[in-house]
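*Asks:* Just so we're aligned, residue 20 is where the sequence shown starts under our numbering, counting upward by one. The C-beta atom is built at its ideal place from N, Cα and C for all residues, glycine as well. Since this is a predicted model, take the numbers as computed values, not measurements. I have a structure I would like to understand better, so I am pasting it below and will then ask my questions one at a time.
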Amino acid sequence: MRYFYDTEFIEDGRTIDLISIGVAAEDGREYYAVSTEFDAARAGSWVRTHVLPKLPPPASQLWRSRSQIRIDLEKFFRINDGEPIELWAWVGAYDHVALCQLWGPMTQLPAAMPRFTRELRQFWEDRGSPRMPRRPPTPTTRWSMPATSFGGSG
C-alpha cells in the first residue's frame, strides 16, 4: 500500500520536533494529528507564519501525544497485516526522520516500517516536471497522490 505523507516540524540543525503529520493512503483513508509535545516557542519565523496559525484549536481531538500518534499510525499503516508499506513524500528526508522518531531510535522502528521514503520530487523531475495541482493551504497530503501518475509506476 502506498502512503503519501507530509509533516510540519521545528528543527534547529540538531533536532527535528514534530508539529503535525498528515497521511493519505492510496485506498482513500486519511490520518492527521498534531503533537501536544512540540515547543512552539522554538519555532522559526517561517513556521510561526505558515504553520502554527493553521493548526486546529488546542481543544480539538486532533491534538495527540507522540505515543498516541505512533499507536494511531501503527493501526493506520496496518503494521501487522503483512502488506508492504510504501512511503512517499515531497522532499521527504526530514519528514522521514520526524515520522520514524515517533518510535524512538531507529532500532525501535517496527520491522514492517520502511527505512526510507520514496521521493516524489525526484519522481516528478524524472517525468519532465509536468504541471501539478496547486498544494492546498490545509494540512493534507491529497495533493501529492496524483504526482505518482505522471506516467509509469513508482
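Output the boundary residues of the alpha helix (DSSP H) element that contains R85.
*Replies:* Start and end: R85 to F95.
*Asks:* Quick check on DSSP: helix, strand or coil for W109?
*Replies:* Of the three classes helix, strand and coil, the one that applies to W109 here is coil, per DSSP.
*Asks:* Within the continuous beta strand (DSSP E) that includes S54, where are the two ends?
*Replies:* Segment E49 to S54, the beta strand (DSSP E) holding S54.
*Asks:* Can you tell me the Cα-Cα spacing of I29 and I88, whole angstroms?
*Replies:* About 17 Å.
*Asks:* Distance check for L139 and R150, CA to CA, integer angstroms please.
*Replies:* Cα to Cα, R150 sits roughly 14 Å from L139.
*Asks:* Taking the DSSP output, what are the residues bridged to G41?
*Replies:* Answer is D25 and Y51.
*Asks:* To the nearest angstrom, report how far apart V53 and R137 are at their CA atoms.
*Replies:* Near 23 Å, if we compare the C-alpha coordinates of R137 and V53.
*Asks:* DSSP three-state label for E102, please.
*Replies:* Coil at E102, not helix or strand.
*Asks:* Got a sec? Which residues, its chain only, sit under 6 Å from Y22 by beta carbon, not counting five neighbours each side?
*Replies:* Here the set comprises V42, A44 and L106.
*Asks:* Is the CB-CB distance between S39 and L74 below 8 Å?
*Replies:* Against a cut-off of 8 Å, the Cβ pair of L74 and S39 comes out as a contact.
*Asks:* Quick one, which of F135, F57, W109 and P133 has its alpha-carbon nearest E144's?
*Replies:* Of the listed residues, the one whose Cα sits closest to E144 is W109.
*Asks:* Which residue or residues does DSSP assign as beta-bridge partners of D36?
*Replies:* Per DSSP, I29.
*Asks:* How would you call A60, buried or exposed, if buried means at least 16 neighbouring beta carbons within 10 angstroms?
*Replies:* With fewer than 16 other Cβ atoms within 10 Å, it is exposed.
*Asks:* In chain order, what residues of the same chain have a beta carbon less than 6 Å from the beta carbon of R161, not counting five sequence neighbours either side?
*Replies:* Only weak support is given to the placement of R161: the predicted model assigns it a pLDDT of 48, under 50, and the value that follows is read from those uncertain coordinates. Excluding positions up to five away in sequence, the list reads A43.
*Asks:* Drop a sphere of 10 angstroms on the beta-carbon of Q120, count the other beta-carbons inside from all chains shown, and report buried for 16 or more, exposed for fewer.
*Replies:* So Q120 ends up on the buried side.
*Asks:* Specify the secondary structure class of R137 as computed by DSSP and reduced to three states.
*Replies:* Here R137 sits in strand by DSSP.
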